[in-house]
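Residue numbers (full-length UniProt numbering): 1 to 306.
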Amino acid sequence: MIEVLGLTLLRPLWLLALPATLALALFAARRERRSEWASLIDQQLAPHLRALGFMRAAGRDRRIPCLAAAAGIASVALAGPATTSPTAPALRSLDTLVIAVDLSKSMTEGGALETVQAATVRLLQTAGRPVALVLYAGDAYLASAPSDDPHLLETVVAAFGADTMPDTGSRPDRALTLAADILAGAAGRRRDVVLVSDGGGVGPEALHEAEALARSGAVVSVIYVPPTERPYGMPAPDPDALAALARAGGGTMVAAPSAQGLADRLAASATATVPHEIAALMFEDHGRAILVLALLPALLLFRRVR
């Protein structure tokens with residue numbers, strides 16, 4: 001199906017018949033002109049033959065344009081121009097998005113916690129599909145199974161704080177492993193993971209998990225949120241490691257101010273799968289009405305020659 005001029009074409013391949021019809025019509029018209037008998041018949045006899053209907057002047061065979069017009073209209077009708085039915089059932093996307101949020105000390109005590117919350121909320125509000133929320137520090141925890149209710153998850157995000165996680169450290173590899181377990185049971189065609197982090201703890205294990213997710217068909221993207229301050233002993237942010245993680249996962253890395261752009265791209269990639277058995281209920285096919293119009297040029301073929 002494709003969208004053209006506000007209409008959905010249910011069978012767009014039938015449009016390929018249009019150029020074929022035009023080519024055949026031009027070929028037939030050219031051949032008809034070349035086969036004109038006027039050059040072979042006595043010029044005094046030709047007007048009488050035309051009057052009796054045994055001859056036509058060059059280019060006067062109306063069958064060619066009539067058949068071409070009928071075939072062209074039929075091709076458009078068979079392409080299935082349709083509009084969404086007002087009684088169509090509402091479908092939701094089965095694609096799943098997993099947001100893995102780094103809540104290690106560098107994120108919660110580095111002055112960027114509000115930025116982390118804002119980026120996460122943007123993803124939730126724009127997702128348009130079920131979202132699972134994973135939080136990690138020294139270990140990874142499932143904060144919410146895939147949910148269609150962004151407001152429910154926003155209450156979890158609002159509670160982020162320095163005492164949210166029960167352990168210390170930063171293990172994005174464990175967060176990605178948990179994300180893989182969640183996506184293993186996902187029913188949709190599109191599966192995404194977004195890591196919100198400053199790059200702490202990204203090492204060979206995390207890269208390996210990102211590559212494994214990519215091989216399974218998932219896409220791993222990253223939102224880089226650097227701390228605004230660095231208390232004593234806090235590790236430095238590592239955007240290069242995050243960029244490598246995004247490459248390994250087949251996704252992209254964006255800075256926190258560009259989180260909305262990533263959210264929009266993820267929303268655009270979500271698919272609402274239409275089960276085959278109810279596809280006919282989703283659209284009103286206007287092809288049958290258009291096919292009736294093909295009868296008009298076809299009727300001219302039966303007009304008596306005078």
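We put the CB at the ideal spot given by N, CA and C, even for glycine.
Fair warning: this is a prediction, and the values are worked out from it, not measured in the lab.
Residue i burial status per 10 Å Cβ neighbour count (16 or more: buried)
i, result
"residue 129", "buried"
"residue 2", "exposed"
"residue 292", "exposed"
"residue 19", "exposed"
"residue 236", "exposed"
"residue 155", "exposed"
"residue 201", "buried"
"residue 183", "buried"
"residue 232", "exposed"
"residue 4", "exposed"
"residue 204", "exposed"
"residue 27", "exposed"
"residue 185", "exposed"
"residue 191", "buried"
"residue 115", "buried"
"residue 178", "buried"
"residue 283", "buried"
"residue 6", "exposed"
"residue 175", "buried"
"residue 242", "buried"
"residue 288", "exposed"
"residue 113", "buried"
"residue 171", "buried"
"residue 152", "exposed"
Inter-residue CB distance, residue i and residue j (contact presumed, cutoff 8 Å)
i, j, result
"residue 127", "residue 267", "6 Å"
"residue 216", "residue 252", "So it is not a contact: roughly 18 Å between Cβ atoms."
"residue 68", "residue 8", "With 8 Å as the limit, residue 68 and residue 8 do not qualify as a contact, their Cβ atoms being about 26 Å apart."
"residue 100", "residue 134", "4 Å"
"residue 307", "residue 297", "The structure shown does not extend to residue 307, since the chain spans only 1 to 306, so no value can be given for it."
"residue 103", "residue 137", "5 Å"
"residue 225", "residue 256", "5 Å"
"residue 352", "residue 66", "In the structure as shown, the chain starts at 1 and stops at 306, and residue 352 therefore has no counterpart that could be examined."
"residue 206", "residue 173", "4 Å"
"residue 14", "residue 79", "4 Å"
Residue(s) in a DSSP beta bridge with residue i
i, result
"residue 284", "83"
"residue 308", "Nothing about residue 308 can be reported from this structure: the residues present for the chain run from 1 to 306 only."
"residue 205", "Paired residues: none, contrary to the question."
"residue 3", "8"
Segment contact, 8 Å Cβ cut-off, at least three pairs: the region 155 to 163 with the region 77 to 88: Because the criterion of three Cβ pairs below 8 Å is not met, the region 155 to 163 and the region 77 to 88 do not touch.
Does the region 184 to 201 come within contact of the region 108 to 126, defined as at least 3 CB pairs closer than 8 Å? Under the 8 Å Cβ criterion, the region 184 to 201 counts as touching the region 108 to 126, having at least three qualifying pairs.
Can at least three beta-carbon pairs, one atom from the region 101 to 113 and one from the region 58 to 77, be found at a separation below 8 Å? Taking 8 Å as the limit for Cβ pairs, the verdict is that the region 58 to 77 does not touch the region 101 to 113.
Stretch pair the region 253 to 268 + the region 200 to 215: three plus CB contacts closer than 8 Å: Because the criterion of three Cβ pairs below 8 Å is not met, the region 253 to 268 and the region 200 to 215 do not touch.
My parser needs the beta strand (DSSP E) runs of 3 or more residues fully inside the region 230 to 277; what are they? Every beta strand (DSSP E) of 3 residues or more that sits fully in the region 230 to 277 is shown, in chain order, as 250 to 255.
Report yes or no: do three or more beta-carbon pairs, one from the region 62 to 73 and one from the region 92 to 104, lie closer than 8 Å? The region 62 to 73, when compared against the region 92 to 104, does not touch it at the 8 Å Cβ threshold.
Just list the beta strand (DSSP E) runs in the region 86 to 132, keeping only unbroken ones of 3 residues or longer that don't cross its boundaries, in chain order. Annotation note: the region 86 to 132 contains the following uninterrupted beta strand (DSSP E) runs of length 3 or greater, listed N- to C-terminal: 96 to 102.
Enumerate, from N- to C-terminal direction, the unbroken beta strand (DSSP E) stretches of 3 or more residues contained entirely within the region 133 to 193. If only complete runs of 3 or more residues are kept, the region 133 to 193 shows the beta strand (DSSP E) at 140 to 147, in order along the chain.
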